[in-house]
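Each remark here refers to the structure printed beneath this line.
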Amino acid sequence: MAAGTVPTQMPDVTPWRDATLRRSEEAARQARQAVNAWLTHSPASVRFDMLQVVSELVSNAIKHVPAGPQRDWLQVRLGVGAGFVRLEVIDPGTPEPQPCFAPLRMSSLEVSGRGLGIVAALSVRCGTRLVDHGHRVVWADLADARRALPAVREPAGRALSP
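The opening residue of the sequence shown carries number 1 in UniProt numbering; numbering runs sequentially from there.
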């Protein structure tokens, strides 16, 4: 399946960690700090990929989502699925009714517009969806990250082994 293609049925994901951040120029740095703390015991390559993805997604939300009253937040979430870790960035949404996830072809001459291409290159799947109240979730699944996480408990208390 090509990166950016949304499967007809999303794989199950168990929530693991989340942080709500104030929308600001510091949000990408704060998101990287949170993800880095969550992945402290992960291999450097896993952390690097996750930090790059969260930085790109948060930066895109800051740049492309209109600001306004009650729109000064972003949420970053990590969850685990069968053989992958999902990183999600949730924002207040945009006026467009349909989610847009169109990574541009990357060129070394481009100074902007490469973020989603980077996300697509680092992930096995990525995409976007609208949820309640028009909020937008942009997500990326990273396959190799799953084995780098400590055991995560499902809501019923059963441990998920990495």
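Ideal placement from N, C-alpha and C gives every residue a C-beta, glycine not left out.
Going by DSSP, E96 is part of no alpha helix (DSSP H) at all; its letter is neither H nor E. Assignment of R32 by DSSP, reduced to helix, strand and coil, places it in the helix class. Of the residues assessed, V131 falls on the exposed side of the cut-off, its CB having fewer than 16 other CB atoms within 10 angstroms.
Within the segment 34 to 87, the runs of beta strand (DSSP E) that reach at least 3 residues and sit entirely inside it are, in chain order, 73 to 81.
Here G68 is exposed: its Cβ has fewer than 16 other Cβ atoms, across all protein chains shown, within 10 Å. Nearest to V76 by alpha-carbon distance, out of W16, A143, T20, G127, is T20. With a cut-off of 8 Å on Cβ pairs, the segment 31 to 39 is not in contact with the segment 116 to 123, counting fewer than three such pairs.
In this structure, R71 lies away from D141, with their beta-carbon atoms at least 8 Å apart. Counting the other Cβ atoms within 10 Å of the Cβ of D12 gives fewer than 16, which makes it exposed.
Beta-bridge pairing by DSSP links P15 to G79.
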